[in-house]
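>
Number of protein chains: 2
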Amino acid sequence: MPIYNAPLKDMDFILNDVFKADEFWQANENLAHLDVATANAILEEMAKFSKNVILDLNRSADESGGAQFNLGEVKTPEGFKEAFNQFAQGGWVGLGAPEEWGGQGMPKMLTVLADEMIWSTNPSFMLYPLLTVGAGMAINDRASQEQKETYLPKFYTGEWSGTMCLTEPHSGTDLGIIKTKAEPNDDGSYNITGTKIFITSGEHDLCENIIHLVLAKTPNAPAGSRGISLFIVPKFLVNADGTLGERNAVAAGSIEHKMGIKGSATCVMNFDGAKGYMVGNENEGLAGMFVMMNYERLSMGIQGIGASEYAYQNAAQYATDRLQGRAATGVQSPEKPADSILVHGDVRRMLLNVRANNEASRAFAVYVGQQLDITKYSTDAEAVRKANDRVALLTPIAKAYLTDTALQATLEAQMCFGGHGYIREWGMEQCIRDLRIAQIYEGTNGVQAIDLIGRKTTKCSGAFVAEYMAEIREFSNNMPDSKVKQAALNVCEKVEALTQFVVEQSKLNPNFSNAVAVDYLHVVGLLSFVYMYARIHEAARVKAEPFYQHKLVLADYYVAKVLPDLAARAERIYAGADLIMQLPQDYFTAQA
Amino acid sequence: MPIYNAPLKDMDFILNDVFKADEFWQANENLAHLDVATANAILEEMAKFSKNVILDLNRSADESGGAQFNLGEVKTPEGFKEAFNQFAQGGWVGLGAPEEWGGQGMPKMLTVLADEMIWSTNPSFMLYPLLTVGAGMAINDRASQEQKETYLPKFYTGEWSGTMCLTEPHSGTDLGIIKTKAEPNDDGSYNITGTKIFITSGEHDLCENIIHLVLAKTPNAPAGSRGISLFIVPKFLVNADGTLGERNAVAAGSIEHKMGIKGSATCVMNFDGAKGYMVGNENEGLAGMFVMMNYERLSMGIQGIGASEYAYQNAAQYATDRLQGRAATGVQSPEKPADSILVHGDVRRMLLNVRANNEASRAFAVYVGQQLDITKYSTDAEAVRKANDRVALLTPIAKAYLTDTALQATLEAQMCFGGHGYIREWGMEQCIRDLRIAQIYEGTNGVQAIDLIGRKTTKCSGAFVAEYMAEIREFSNNMPDSKVKQAALNVCEKVEALTQFVVEQSKLNPNFSNAVAVDYLHVVGLLSFVYMYARIHEAARVKAEPFYQHKLVLADYYVAKVLPDLAARAERIYAGADLIMQLPQDYFTAQA
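In order, the protein sequences belong to chains X and E. Note that my numbering has the first sequence beginning at -15, numbered continuously upward. Note that my numbering has the second sequence beginning at -15, numbered continuously upward.
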């Protein structure tokens, strides 16, 4: 059976040595209630829950075929309900939610690490509370006081759950063409009619009510994305006293059969004149939904870290135990029929790629978490402005770059197992199948890249990247000399030139940005990871224990063996868009 | 449902325009019986069979759970038996086998293209005849006349099938430590005892007998790989008159539950004193098995092409049909709610990556096929020597590089579908699951890379690569100027320097080769593909029709957008092995 032990020591290192969480919390009166001991206690509790409760349910849910649909109802895999009750009773649903509504008020810097453990051990399970938390954020941000009072406390006890209903059969990335209608009633409510697909947790048996956040168009709404409003549509209508009333006209029509995350119910939801309540202003629904979307997007990045960490631990253990061949430098274990495959450079290369990805990704998630905490808790307006810009820039990196690298990492981890990696019982192939969706949902990674290069880069003429690099340069310049320092400064120079090129070319050629977006996203991802290694290096170099000194080797490994990808990405960007756009449309499907 | 149409026009272009198959065949008396019309007729027949018979069985086999095991027997998925009978009756099992034994005697240049269609439409199905063909080659190469007469004709009628039994629970890559024993009997036969795992088609219901080729150790055999012999172990013993006799003591203990190729039965085979017959000389079994292995390894590369072509066709059709957003240059289809996603550069980038991979891969397979045909049919000793060296060099490229690039290609094709790519009914996720094994089985791609950099490069001080590059330079120098010509010459220069570095470093550091092997494999792969584009360019540039002119654009695309990977690979190789090897073994599993 697959193993997992939460990397608590690494998490503590990132949180406390690299990002000095304690100082940060103590310096902010809204966070000063939190200290390192409490934070570590929370992580230790989640380490137990993830290992002891949900890890085994991950394989059994997949093997049993996952969530089951029957006559409009969804049965979650065996054990999910008990595990969810335990999770909810532990207060985990509202770990990062406002205390005012029953949450624990923990900062994002900390919750990203707790989330990682759940993503490592049971991604299907994670999706049930995840959407609830996102829906709660959108309601908290946009809804009326009465709506908040009605829904939020029930979310954080785990009694009710939330969903996000955007996609329709003909409308995914392009939400401007949704067809779902909202017809106003005399009482201020609306009748919602339409079909939504790919609705995670649209129907399930873990909670007594499900609160759908639905995008729909009111009569005479403007065409396109400026005519979309946001509605709360509960599965069961809620009485004035908060008890459950009659069943609303919304139901799951079926669930999808998917590559992975089989324990998660991905539903087709039919709204047949279901009663809905507008959230925020008419026609401003998309902005409200993006509060939720941006949260989910960072979460997808953490899904990547979780999978990659799980894959690493299992592959490293397998490689240690598996005996094949002998070391090139001579027999290492003469008492055994063969040496551990860890003696082979190619096996180490794969494991180090995975590990280098994990440590940088985790640091990056905590860094973005800290930026989010600044936007939420800081009272310094300029700091908040900077952090908002930073989060805007880095959300697509967190979502897309962390999941792109994680998929490659899990594939390399699987390869360490040889043929056994292809056999279900080892859990590696499920890890890859479960992770693959993270590159696709919440806006495909291509769409993230277009967001990065467009709204976050060319639109501000590269200002967000420039401010990010000013921070990276300042940090690096203050380091004593090292390979990582030189690499960070060198990458800044290259990214500066590339960004200038991108900004210029996008003005000359409307097709340019879209065609080079993914390469540019990877460039900013590499910049981010080398920055994380600069920070890791700086925190580790002052400590003599092997745990810290090995981090310096890993940082050098990253610079020597992963960062070279930058050269290829840059060449592709400089090659431009013309060769991509010049072939006629029918070239692609003409009989070859 | 997924679509597939064999790319007959592209195949004809590669075979006849690029590699001038007709001239090649006519110049060789052993092949002069074959002409273009016959070759094209064969490909057209296979195009029909693959599309009309096995394509639909691919999805249904996966959905039904694949091959089923019960009390030692394996039931293949519904429809496989009828399809296999049709396949066998069409003479397809022996398409490339010697006419002397009932085969069709077709050259490899042609059979690689027929094989591609089967890999595209039903990889699980393909594996049943594939192992038979491989076993037939080993028997033809190494066995006695009597053994050939007994087994080969039955293989090519499809009455009997073959397997390759190497791996044991503790012994995969390292075959020197196998435990299966062969005890001699007085009649010259042996009793074979041991357990073999991962045996493709080890048990099934398509044929009346199964002939296992088994590696085992005779008493007092030398330790390691020099003490391994090869045995024929039939499921049913064969009487002197060729009829089936009693059941032998070999049986499937179970079948594996796998990530993909679920229609293929991957068996645990238990040999309990089963009667076996030695093939070739004692202790020379590994060399005999490598006849079969090398054949399978090229086949795995073709599995990659097949999957990537299937993925391309489906993704291009989906992208054409899917309407989301508008072109950056203005509305393209005002009559529709949105433009086809083919207007977006990022979607085109993905499709062009896949297509660029397919056309180079296919050309490469035909090129390697031609080299194999030279080794088999040419009477010019120097030509045969050169072709043998070329095949030795390029077999790991065919196996590993073509499957590495194919996996990336199928992932990109899946991404074109957005969320729908994750849903089983579209067939894309199965394509990826089915393909993934090609990087793992028949020697993992890491092992292929070590073979390339070791036996095929450092061992001969780079002579094989040098001779290959002499051919590439000669060809390129004879081309009129173009980007592809310049790129090919430029890559040769870089690979020359890299190979020299690799040869030198491997003498200084025994760990060097293993640690950089995969990067070096990709370097030689990129060299090979740019050479293929030089040849494609040269064949296409003289023809005015768009079909040919578009190939020039694709060649330029390859140079501008895919070839840059070389820069990253080279940097990694120059970074060496030290950072990979310096961490202690317990670093990898120490609690983090």
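Idealized CB from N, CA, C, for every residue including glycine. Since the structure is predicted, the reported quantities are computational estimates derived from the model, not experimental observations.
Under 7 Å between beta-carbons, which chain X residues line up against residue 405/E? List them in chain order, please.
Taking the first residue of the second sequence as position 1, residue 405/E is located at position 421. 424, listed in chain order.
> Helix, strand or coil for residue 476/X? Go by DSSP, reduced to three states.
Along the first sequence, one-based indexing puts residue 476/X at 492. Looking at residue 476/X - three-state DSSP - the assignment turns out to be helix.
> By the three-class DSSP mapping on this structure, what secondary structure does residue 601/X have?
In the structure as shown, chain X begins at -15 and stops at 576. Residue 601/X is therefore absent and cannot be evaluated.
> Pull up the DSSP beta-bridge partners for residue 52/E, would you.
Along the second sequence, read from residue 1 onward, the residue named residue 52/E stands at position 68. Beta-bridge pairing links residue 52/E to 59/E.
> Would you mind reading off the limits of the beta strand (DSSP E) that contains residue 215/X?
As a first step, residue 215/X is located in the first sequence; it is residue number 231 there, counting from the start. Per DSSP, residue 215/X belongs to the beta strand (DSSP E) from 213 to 218.
> If the cut is a Cβ gap below 8 Å, which residues of chain E does residue 324/X touch?
Numbered from 1 along the first sequence, position 340 holds the residue referred to as residue 324/X. Under a criterion of Cβ atoms nearer than 8 Å, the residues of chain E adjacent to residue 324/X are, in order, 569.
> Could you work out which residue in 156/X, 442/X, 334/X and 479/X is closest to residue 456/X when comparing CA atoms only?
To locate residue 456/X, count along the first sequence from 1; it is residue 472. Relative to residue 456/X, the option among 156/X, 442/X, 334/X and 479/X whose CA is nearest is 479/X.
> Using a beta-carbon distance below 9 Å, is residue 24/E in contact with chain X?
Locating residue 24/E in the second sequence gives position 40, where the first residue counts as 1. No, its Cβ sits nowhere closer than 9 Å to a Cβ of chain X.
> Strictly below 7 Å CB to CB, what residues from chain X border residue 434/E?
As a first step, residue 434/E is located in the second sequence; it is residue number 450 there, counting from the start. Within chain X, the residues 330 have their CB atoms less than 7 Å from the CB of residue 434/E, given in chain order.
> So that I know if they touch, is there some Cβ in chain E lying closer than 9 Å to that of residue 247/X?
Start at 1 with the first residue of the first sequence, and residue 247/X comes out as number 263. At a cut-off of 9 Å between beta-carbon atoms, residue 247/X makes no contact with chain E.
> How would you list, in chain order, the residues of chain E whose beta-carbon sits under 7 Å from the beta-carbon of residue 298/X?
In the first sequence, counting from the first residue as 1, residue 298/X sits at position 314. Here the premise fails: no neighbours, minimum Cβ distance about 10 Å.
> Determine which residues of the stretch 142 to 170 of chain X have a Cβ less than 9 Å from any Cβ of chain E, and write them out in chain order.
151, 154, 155, 156, 157, 158, 160 and 161
> Verify whether the separation of the beta carbon atoms of residue 296/E and residue 338/E is less than 9 Å.
One-based indexing of the second sequence puts residue 296/E at position 312. One-based indexing of the second sequence puts residue 338/E at position 354. Yes.
> If we cut at 9 Å on Cβ distances, does residue 88/X have a partner in chain E?
Along the first sequence, one-based indexing puts residue 88/X at 104. Residue 88/X does not count as touching chain E.
> Okay, do the stretch 159 to 172 of chain E and the stretch 201 to 211 of chain E touch, 3+ Cβ pairs below 8 Å being the bar?
yes
> Three or more C-beta pairs closer than 8 Å, one from the stretch 415 to 429 of chain X and one from the stretch 395 to 414 of chain E: is that the case here?
yes
> Compute the beta-carbon to beta-carbon distance between residue 416/E and residue 508/E, rounded to the nearest angstrom, for a pair I have assumed lies under 8 Å.
What you label residue 416/E is simply residue 432 of the second sequence in a count that begins at 1. What you label residue 508/E is simply residue 524 of the second sequence in a count that begins at 1. Between residue 508/E and residue 416/E the Cβ distance is about 25 Å, and since that is not below 8 Å, they are no contact.
> If we call anything under 9 Å between Cβ atoms a contact, is residue 249/E one with residue 67/E?
As a first step, residue 249/E must be located in the second sequence, where it is residue number 265. As a first step, residue 67/E must be located in the second sequence, where it is residue number 83. The answer is no: Cβ separation not under 9 Å.
> Rounded C-beta distance between residue 439/X and residue 503/X? I'm assuming under 8 Å.
By one-based count along the first sequence, residue 439/X stands at place 455. By one-based count along the first sequence, residue 503/X stands at place 519. Contact between residue 439/X and residue 503/X is absent: CB atoms are separated by about 18 Å, not below the 8 Å threshold.
> Please state whether the Cβ-Cβ distance between residue 343/X and residue 102/X is less than 9 Å.
Numbered from its first residue, the first sequence carries residue 343/X at position 359. Numbered from its first residue, the first sequence carries residue 102/X at position 118. Not in contact: residue 343/X and residue 102/X (Cβ atoms no closer than 9 Å).
> Starting from the beta carbon of residue 309/E, find every residue of chain X whose beta carbon is closer than 7 Å, and list them in chain order.
Position 325 of the second sequence, counting from 1, holds the residue named residue 309/E. Chain X residues near residue 309/E: 157 and 158.
> Scan the stretch 526 to 538 of chain X for residues whose Cβ lies nearer than 7 Å to a Cβ of chain E and list them as they occur along the chain.
534 and 537
> Which chain X residues sit within Cβ distance under 9 Å of residue 237/E?
For the purposes of this step, residue 237/E is identified with residue 253 of the second sequence, where counting begins at 1. Within chain X, no residue comes near residue 237/E; the closest Cβ sits about 15 Å away, beyond 9 Å.
> How would you list, in chain order, the residues of chain X whose beta-carbon sits under 7 Å from the beta-carbon of residue 548/E?
Residue 548/E sits at position 564 when you count from the first residue of the second sequence. What residue 548/E touches in chain X: 552, 555 and 556.
> Pick from 335/E, -3/E and 453/E: whose alpha carbon is nearest that of residue 565/X?
Walking along the first sequence from the start, residue 565/X turns up at place 581. Closest by C-alpha distance to residue 565/X, out of 335/E, -3/E and 453/E, is 335/E.
> Against residue 502/E, what residues of chain X qualify as contacts under a CB-to-CB distance less than 8 Å, listed in chain order?
Mapped onto the second sequence, residue 502/E falls at position 518. Per Cβ cutoff of 8 Å: 330 and 333.
> How far does the alpha helix (DSSP H) with residue 33/E in it extend, from its first residue to its last?
As a working note, residue 33/E is residue 49 in the second sequence. Note, residue 33/E: alpha helix (DSSP H), 20 to 33.
> Below 8 Å on C-beta distance, what does residue 182/X contact in chain E?
To locate residue 182/X, count along the first sequence from 1; it is residue 198. Simply 403.
> Three-state secondary structure (DSSP) at residue 435/X?
If you number the first sequence from 1, residue 435/X lands on position 451. The answer is helix: DSSP assigns residue 435/X an H, G or I state.
> What are the start and end residues of the beta strand (DSSP E) that includes residue 193/E?
For this step, residue 193/E is matched to residue 209 along the second sequence. Residue 193/E -> beta strand (DSSP E) spans 193 to 200.
> Suppose contacts are defined by Cβ-Cβ distances below 9 Å. Is residue 459/E in contact with residue 373/E by that definition?
As a first step, residue 459/E must be located in the second sequence, where it is residue number 475. As a first step, residue 373/E must be located in the second sequence, where it is residue number 389. Result no, Cβ atoms of residue 459/E and residue 373/E do not sit closer than 9 Å.
> Would you verify that the beta carbon of residue 485/X is, or is not, closer than 9 Å to some beta carbon of chain E?
Looking up residue 485/X in the first sequence gives position 501. Output row for residue 485/X: interface = no.
> List the residues of chain E whose Cβ lies closer than 7 Å to the Cβ of residue 40/X, in chain order.
As a working note, residue 40/X is residue 56 in the first sequence. Those within 7 Å of residue 40/X in chain E number zero; the least Cβ separation is about 17 Å.
> If you count every other CB in all the chains shown that lies within 10 Å of the CB of residue 324/E, and 16 or more means buried, which is it?
For the purposes of this step, residue 324/E is taken as the residue at position 340 of the second sequence. Under the 10 Å beta carbon count, residue 324/E is surrounded by 16 or more other beta carbons and is classified as buried.
> Let me check understanding here. Comparing Cα to Cα, which of 94/X, 385/X and 17/X lies closest to residue 26/X?
Numbered from its first residue, the first sequence carries residue 26/X at position 42. Out of 94/X, 385/X and 17/X, 94/X has the C-alpha closest to the C-alpha of residue 26/X.
> If you run the structure through DSSP and keep just helix, strand and coil, what is residue 163/X?
Residue numbering aside, residue 163/X sits at position 179 when the first sequence is read from its first letter. It is coil, neither helix nor strand.
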